[in-house]
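Those protein sequence lines, which keep their order, are chains P and H.
When the letters of the first sequence are read in order and numbered with UniProt numbering, they come out as residues 1 to 490.
When the letters of the second sequence are read in order and numbered with UniProt numbering, they come out as residues 1 to 490.
Using N, Cα and C, we set each Cβ at its ideal position, and we do this for glycine too.
It should be emphasised that the depicted structure is a prediction, and the values quoted were computed from it without experimental measurement.
Quick notes on the structure that follows.
There are 2 protein chains.
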Amino acid sequence: MSSQVKDTRVQRWDLFELELTGLEVGNPYLDVQVQAVFRFNQRCVKVDGFYDGGSSYRVRFMPDATGEWTYETQSNQAELDGVAGTFTCVEPEANNHGPVRIRNDNQFAYEDGTPYYPFGTTCYAWIHQDEALQEQTLRTLEESPFNKIRMCVFPKNYSFNFDEPEHFPFEGSAASGFDFTRFNPAFFANLEARLMGLRKLGIEADLILFHPYDKGRWGFDRLDARTEEFYLRYVIARLGAFRHVWWSLANEYDFMAEKAMPDWDRLLRYVQDHDPYVHLRSIHNGTKMYDYASVKMYDHAKPWVTHCSIQHWDATMASIWRDQYKKPIVIDEICYEGNIPQRWGNISGEEMTRRFWDGVTRGAYVTHGETFVHPQDEIWWAKGGRLYGESAKRIAFLRELIEAAPTACRPIPEVRDVPAFGLPGHYYLHYYGIHQPLYRIVDLPEGETFRAEIIDTWNMEITPIEQPMSGTCRVDMPGKPYIALRIERI
Amino acid sequence: MSSQVKDTRVQRWDLFELELTGLEVGNPYLDVQVQAVFRFNQRCVKVDGFYDGGSSYRVRFMPDATGEWTYETQSNQAELDGVAGTFTCVEPEANNHGPVRIRNDNQFAYEDGTPYYPFGTTCYAWIHQDEALQEQTLRTLEESPFNKIRMCVFPKNYSFNFDEPEHFPFEGSAASGFDFTRFNPAFFANLEARLMGLRKLGIEADLILFHPYDKGRWGFDRLDARTEEFYLRYVIARLGAFRHVWWSLANEYDFMAEKAMPDWDRLLRYVQDHDPYVHLRSIHNGTKMYDYASVKMYDHAKPWVTHCSIQHWDATMASIWRDQYKKPIVIDEICYEGNIPQRWGNISGEEMTRRFWDGVTRGAYVTHGETFVHPQDEIWWAKGGRLYGESAKRIAFLRELIEAAPTACRPIPEVRDVPAFGLPGHYYLHYYGIHQPLYRIVDLPEGETFRAEIIDTWNMEITPIEQPMSGTCRVDMPGKPYIALRIERI
């Protein structure tokens, strides 16, 4: 019996890992159970360990309180059972704010209280590309404004992305078939390395656990219920201790003809029951056609959904969803900036930027993606690589503005005829989008003084209005699209 | 007893008028009844006459069949009773196609079978402006692509339009009060002259019978039920014989707090019961806020509604409404091109043009309006006058294309990811709007040859694609917004 601990000093919300050496008994994925109980004062947390190939078994844990923790393993294998120890959980470093949680119904904050505004992007199959392209994706992300990424565990068999990946989550290959009772440690080692790469950049990983873009090629879209749960338990055991993981049960769940609504309820609840860290959980819908009636959203009111992950092209709907669900609204697909033939993948940079602003000033969050035709089909939305569009730098500009606003900002429906985000009496951010008023009348409190700025959201120019304002005032506007108005109390 | 007939030869669908001289008995509007029965072969049509001030009573009639018609009056006044005569209905002139009717559920045609595609505009209160401005409006319309106009009978008391008009439909004035039992012939004479001006230009008059923009100033928004019907009967007697009149029961009916749904049903049915010519009938809704749920449309499925007159900003909804109502869909307010502070009145010319194309390629009809800030508040949407925007000439371009398409065109939902209007196997018009594909794959019948053209809907340029097409083909596209693709069988 041997065990090894990487580090006995672990930051709060960082990853403690215990490696155990054991025997390769039968099919260890199925036949060996290993768990550990972690204790802190009166509290104990029981977590699953996992088999990592060869003679290696691991237990991972994310401590959420500073001080001394003890642990002890339990196993049906003697050499893995009763391994005990302690470690010290220390204060987190400056860039570690813990997992993202819900605050004030419709917003997010890290566990340490720092507000978190998701400005996400989408690279569904970036971890299934070659090493160089994966590295390129991380370099691009580093320069980007994005602090969340939607990405799939399973590989993708879909337009512009039909290559066979190097690694699969299960043992086997497309040619020889897959053994759905055995995982592939090499696949997960790469996934984990990529997750650590994202964490270093401050990017949350919105991990998509199931998706329809397999179409029977590998069979990962049609696992039986037992295999689905076997897979989820393994994923949670391996990845649950990564503080920046979110669970997205599916992308376009309604396009998976093999599953019905009770399956999605069961799978979401399974994750809820087995994740000791209560990571964020949601599920993303498809859109069949152009019209509102054909959008089949999951009922995000169900208690095991922490936030709404919605595909829809119209951010104005956010105001309705916000009231309806009383949960954060993340529009995780609002079409992609690009020029491919498909309707969902060919909006302009102006339009993507407009949709971001429209959603954000309605108190929602919008997710980016890019789909420009590329000679080698290196399209960001699927493979990662490079960004070619014009919206990313405008999203960076918006993110700066929003992060500089008071954290208590919310939509202000009392401001008529324009989405307005702010804190009444203190701060207002109007977004006019395609509308081009030549002036506006604004109602501000009497007896307080405000300064206003015209923001050209496309050219990223902020022009102060010289005259301080108070009470009911007329503001001259440029009479062109894509303008915001920021008003702050002096 | 004297009577006078303007012309005993009347074109089919033109206006026959019999003027009778009578006594001014009591209140002739209330106390004198005069009607006439018009007979043609086995058929008879009974119409109301009306008192026109002084000693003048008139009966108007629109004959719908060529040949000899006879008529005879009935009245509770001896001098107006039993006046009989004949007239000859002759073939219409080239520009007279009769009233507009419904064809094939979702379309319009004139009664002579000529297809009619409404490309309307909006000048709510143009007949309430001074003479010079009314004349200017007609001159502007003459140069415009518009073949329908939305206009109110009652004057308007609303932003940018608070002037007192010269004439009111009822006798009296704002200062002295109105006598709701007496009409004002001078008002109607002007209205009729303006209607004839429109008719000469081939413009249908979508006449708005009630509206909320009074707010009690004159009281026309809060007539009692008896007065409402008294007014409708007079309007029908005077204007029903104008072939180009449509009845729009209200603008933004739901903003008239004084009326409830049963009132609107009653008023629509009253018009249906009293109009011998079965003119088109509809009723237009308001939109309270930004979201779809707040739009309170009248139930256009009711049998007394001939077509849907809808206010909505999103033409994509047309596909749903078309299937839902099986009636023509006219989006009679989709926001206005302009730059006033109000959300509904400050979209760009690009956006107005886009909404037209989007609606039309979904098999709907869209109505224009313009609201540019003007030093004298001469804003087209209210007062008429001049057009300043950029959409009108693009709407002219669209109208030419649509009128040149086969009349059997309809939306083709089988064409994926883009609204397509056409006749499968013969003609296709795709509209890409904000979408900017770099290429498209189109499925055309094998064994037939087609020619395709790229249409820049903003710059109004049509660029033929050299290579004829057949079967499944790739079409290279410019990868920018506002592009249409037209494909026609050679």
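A distance below 6 Å between beta-carbons, with the five flanking residues on each side excluded, links Leu249 of chain H to the following residues of its chain, in chain order: Leu209, Leu267, Leu268, Ile283.
Under DSSP, Trp246 of chain H takes part in a beta bridge, and its partners are H:Asp206.
The C-alpha of Asp48 of chain P lies about 13 Å from the C-alpha of Leu30 of chain P.
Annotated three-state conformation of Ile412 of chain P is coil, per DSSP. From the beta-carbon of Ser348 of chain P, the residues of chain H found nearer than 9 Å are Ile434, His435, Gln436, Lys480, Pro481.
Judged by pairs of C-beta atoms under 8 Å, the segment 333-340 of chain P does not touch the segment 85-105 of chain P, as fewer than three such pairs exist.
Taking C-beta separations shorter than 6 Å and ignoring five residues to either side along the sequence, the partners of Tyr57 of chain P in its chain run Leu20, Gly22, Val34, Gly49, Tyr51, Leu80, following chain order. Excluding sequence positions up to five before and after Ser55 of chain H, its CB lies within less than 8 Å of the CB of Thr21, Gly22, Leu23, Glu24, all in the same chain and listed in chain order. With contacts defined as CB atoms closer than 8 Å, Gly98 of chain H and Asp206 of chain H fail to qualify as a contacting pair. Short of 6 Å from the beta carbon of Ala420 of chain P, and not among the five residues preceding or following it, lie these beta carbons of its own chain, in chain order: Ile412, Tyr428, His430. Contacts with chain H at 8 Å (Cβ-Cβ) do not include Ala125 of chain P. Contact annotation, Pro169 of chain P with Asn184 of chain P: C-beta distance approximately 6 Å; criterion of less than 8 Å satisfied. Looking at the DSSP output, Ile331 of chain H sits in a beta bridge with H:Ile310, H:Val366.
Of the candidates P:Arg399, P:Ile483, P:Phe16, P:Ile483 places its Cα closest to the Cα of Glu453 of chain P.
Unbroken alpha helix (DSSP H) runs of no fewer than 4 residues, entirely contained in the segment 374-407 of chain P, are found at 380-383, 391-404, following chain order.
Residue environment: Arg194 of chain H is assigned as buried (16 or more neighbouring CB atoms within 10 Å of its CB, all protein chains considered). With a threshold of 16 other beta carbon atoms within 10 Å, Ser2 of chain H falls short and is exposed.
Residue range 261-274 is occupied by the alpha helix (DSSP H) that includes His274 of chain H. Around the C-beta of Thr371 of chain P, 16 or more other C-beta atoms lie within 10 Å, and the residue is accordingly described as buried. Residue pairing by DSSP places Thr88 of chain P opposite P:Arg9, P:Glu68 in a beta bridge.
Burial of Gln134 of chain P is indicated by the presence of at least 16 other C-beta atoms within 10 angstroms of its C-beta. Around the Cβ of Ala293 of chain H, a 10 Å sphere holds fewer than 16 other Cβ atoms; the residue is exposed. Arg233 of chain P and Val271 of chain P have their C-alpha atoms some 8 Å from each other. Here Cys123 of chain P is not bridged, per DSSP, to any residue. Note on the segment 165-205 of chain H: whole beta strand (DSSP E) runs with a minimum of 3 residues are 170-173, 177-183, in chain order.
When DSSP states are grouped into helix, strand and coil, Gly338 of chain P belongs to the strand group. Within the same chain, Cβ atoms closer than 6 Å to the Cβ of Ile434 of chain P are found at Pro481, the five residues on either side in sequence being excluded. Judged by their CB atoms, Lys296 of chain H and Trp126 of chain H are not nearer to each other than the 8 Å cut-off. The count of Cβ pairs closer than 8 Å, one atom from the segment 353-365 of chain P and one from the segment 311-318 of chain P, reaches three, so the stretches are in contact.
Boundaries cannot be given for Gln33 of chain H, as no alpha helix (DSSP H) includes it and DSSP labels it neither H nor E. Taking the beta carbon of Ile340 of chain P as reference, the chain H residues within 9 Å of it are Pro437, Leu438, Tyr439, listed in sequence order. Here DSSP, grouped into helix, strand and coil, assigns Gly422 of chain P to strand. Contact of Val373 of chain H with chain P is assigned, a C-beta pair being separated by under 8 Å.
Assignment of Ser348 of chain H by DSSP, reduced to helix, strand and coil, places it in the coil class. Against chain H, the CB of Ala382 of chain P has no partner CB under 8 Å away; the residue lies outside that interface.
With respect to chain P, the C-beta atom of Ala225 of chain H has no partner C-beta closer than 8 Å.
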